[in-house]
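In numbering that gives the first Met the number 0, the protein residues as written are 0 to 352. The C-beta atom is built at its ideal place from N, Cα and C for all residues, glycine as well. Bear in mind the structure is a predicted one, so any value in this text is a computation, not a measurement.
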Amino acid sequence: METSGSRVAAEPSTELTMSTKVLSISSTAPEADVIARAARVLRSGGLVAFPTETVYGLGAVALNPTAVARIFAAKGRPGDNPLIVHVADATDAERLVGAWPDAAARLTERFWPGPLTLVLPKSRTVPDIVTAGGPTVAVRVPAHPVALALLRAIGLPIAAPSANRSTCLSPTRAEHVLRDLDGRIELVLDAGPTSGGLESTVLDLTTKPPRLLRPGLLPPAEIKAVLGTITRVARGTAEAQEPLPSPGMMARHYAPNARLETVSDDGWGRVQFLCRSGQKVGWLTFATRAEQSLGGLICMVMPRDPIAYAAQLYAVLHALDDHGVERIVAAIPPDTEEWLAVRDRLRRAAFVP
Ligand code: TXA
Ligand code: MG
0 METSGSRVAA EPSTELTMST KVLSISSTAP EADVIARAAR VLRSGGLVAF PTETVYGLGA
60 VALNPTAVAR IFAAKGRPGD NPLIVHVADA TDAERLVGAW PDAAARLTER FWPGPLTLVL
120 PKSRTVPDIV TAGGPTVAVR VPAHPVALAL LRAIGLPIAA PSANRSTCLS PTRAEHVLRD
180 LDGRIELVLD AGPTSGGLES TVLDLTTKPP RLLRPGLLPP AEIKAVLGTI TRVARGTAEA
240 QEPLPSPGMM ARHYAPNARL ETVSDDGWGR VQFLCRSGQK VGWLTFATRA EQSLGGLICM
300 VMPRDPIAYA AQLYAVLHAL DDHGVERIVA AIPPDTEEWL AVRDRLRRAA FVP
């Protein structure tokens with residue numbers, strides 16, 4: 000099925016230069032003709048949004064600096080924030096890096112394809128624009144059949160950040176991609192909702208011990224089981240004055256339109272206060288008893304399991320934005336390592352500069 004994105008973006012029409020095609024594709028057995036068409040668009044320097052097992056990515060051929068520059072323009076992404084390069088397998092990743100330490104071999108054997116991104120010294124093959132001029136490159140092999148089919152068909156590395164405007168919510172459905180990027184990119188491959196729902200874990204292998212730059216879908220415990228010790232970028236680094244180890248750690252990120260606040264109790268008191276002051280409120284809660292009777296309240300009962308919570312988080316926040324809520328109150332999950340990524344995203348969504 001072929002449709003055209005229909006959302007009218009609020010930005011000046013001069014920026015919206017093209018009509019964005021949406022092609023449906025099977026998430027389990029991607030149709031070869033659709034993949035071939037997407038590969039053609041990429042080869043000619045175009046931008047294609049495609050599903051990964053985490054979130055939808057916005058792809059361009061990583062070896063084509065002009066195409067990669069269009070990713071930054073379409074997203075409104077600062078040029079100092081490097082992109083993840085997606086490849087079909089570990090052998091393709093090795094071509095992009097200047098060193099392939101034993102840790103990389105062990106981790107990729109265990110976790111690729113999957114939601115682990117490794118930061119390694121870059122080789123000269125990788126254009127500077129991809130790494131924001133830096134000496135390292137981030138690489139990963141995504142686990143989604145559509146992403147893998149595309150990478151295999153094109154036989155080239157694909158640079159792909161999440162397919163949203165910079166600092167906004169990441170997309171877990173094609174509709175979310177269109178909301179931000181309709182008219183700015185050539186093609187969206189629509190394979191339905193992504194299963195993971197939250198971005199990959201980013202691990203820096205250029206430091207000893209390796210350093211967790213962004214908590215993500217792969218829990219730290221799994222990495223430690225392979226590597227032993229890893230360190231974590233201290234909480235609050237992004238708010239501090241020191242240079243950012245990973246520019247994507249900007250304090251406000253992954254944010255819905257509505258103002259989001261986290262609360263350490265279940266939030267019911269805060270929700271009642273906001274509703275009674277006449278505001279339309281979204282509530283992310285673990286409470287099972289239904290308190291939804293309050294006027295202006297949309298209640299989202301979230302799973303108590305971190306993987307299930309992560310899978311729903313962005314979709315729930317997108318849905319609350321669709322409902323036009325003015326405020327979102329989120330009960331913060333427990334301060335344990337398995338909740339690290341979800342807590343990180345909630346804190347960044349809540350950050351007010
Ligand atoms: O799950 C994901 O990782 C998704 C899908 C599409 O693969 N991609 C994604 O890309 O989340 P993006 O660009 O939204 O986030 C990439 C993160 C950013 O925090 C960026 O700063 C960091 O990875 N990063 C990329 N290259 C880096 C490098 N060379 N050194 C340190 N951090 C890097
Ligand atoms: Mg992103």
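What are the boundary residues of the beta strand (DSSP E) that Ala59 is part of?
Tyr55 to Val60
Look at Ala159 and Leu57 and say whether their C-beta atoms are less than 8 angstroms apart.
yes
Name the one or two DSSP bridge partners that Asp203 has.
Val118 and Arg210
Close Cβ partners of Glu337 (< 7 angstroms) along its chain, the five nearest in sequence each way excluded
Pro218 and Pro305
Alpha helix (DSSP H) containing Val225: first to last residue?
Pro219 to Leu226
Helix, strand or coil for Pro242, going by three-state DSSP, please let me know.
Here the model assigns Pro242 a pLDDT of 45, short of 50, so the residue's position is not dependable, and the following value carries that caveat. DSSP places Pro242 in coil when its eight states are reduced to three.
Taking buried to mean at least 16 other C-beta atoms within 10 Å of its own C-beta, is Gly268 buried or exposed?
exposed
Could one say the Cβ of Asp181 lies closer than 8 angstroms to chain B's Cβ atoms, at least one of them?
In the structure shown, chain B does not exist; there is a single protein chain.
When you compare each of Thr135, Pro126 and Thr27 to His143 by their alpha carbons, which one comes out closest?
Thr27
Report the rounded CA-to-CA distance for Pro141 versus Ala309, giving the unit in angstroms.
17 angstroms
Ordered list of alpha helix (DSSP H) runs contained in the stretch 25-103, each at least 4 residues
31-42, 64-74 and 89-93
Beta-carbon gap between Val47 and Leu186 smaller than 8 angstroms:
yes
What are the complete beta strand (DSSP E) segments, minimum 3 residues, inside the stretch 251-332?
258-262, 280-284, 296-300 and 326-330
Could you tell me the distance, in whole angstroms, from the CA atom of Gly45 to the CA atom of Ile157?
11 angstroms
Helix, strand or coil, according to DSSP, for Leu216 in the structure here?
coil
Return yes when at least one heavy atom of the ligand TXA lies under 7 angstroms from the C-beta of Arg139, else no.
yes
Determine the DSSP secondary structure at Ala229, reduced to helix, strand or coil.
Here residue 229 is Ile; the residue named in the question, Ala, does not match the sequence. If DSSP states are grouped into helix, strand and coil, Ile229 belongs with coil.
For His85, verify whether its CB is less than 7 angstroms away from any heavy atom of the ligand TXA.
yes
I need the straight-line Cα distance from Thr65 to Val270, nearest angstrom please.
48 angstroms
For Ala307 and Val328, the rounded distance between their alpha carbons
19 angstroms
Just reading off the beta strand (DSSP E) that Ala131 is part of, what are its end residues?
First-last for Ala131: undefined, no H or E at that position.
Compare the C-alpha of Ser165 against each of Trp111, Thr230 and Gly75 and name the closest.
Gly75
Tell me whether the beta-carbon of Gly215 lies closer than 8 angstroms to the beta-carbon of Ala340.
yes
Coil, strand or helix - Val341 by DSSP:
helix
Closer than 6 angstroms is what we want: which residues have a beta carbon that near any heavy atom of the ligand MG? List them in chain order.
Pro160, Ser161 and Ser169
What beta strand (DSSP E) runs, 3 residues minimum, are completely inside the stretch 109-192?
115-120, 135-139 and 186-189
For Trp99, I'd like the list of residues in its chain whose CB is within less than 6 angstroms of its CB, leaving aside the five on either flank, ordered along the chain.
Glu93
Is DSSP giving Thr106 helix, strand or coil here?
Looking at the sequence provided, one finds Leu at residue 106 rather than Thr. Reduced to three states, the DSSP call for Leu106 is helix.
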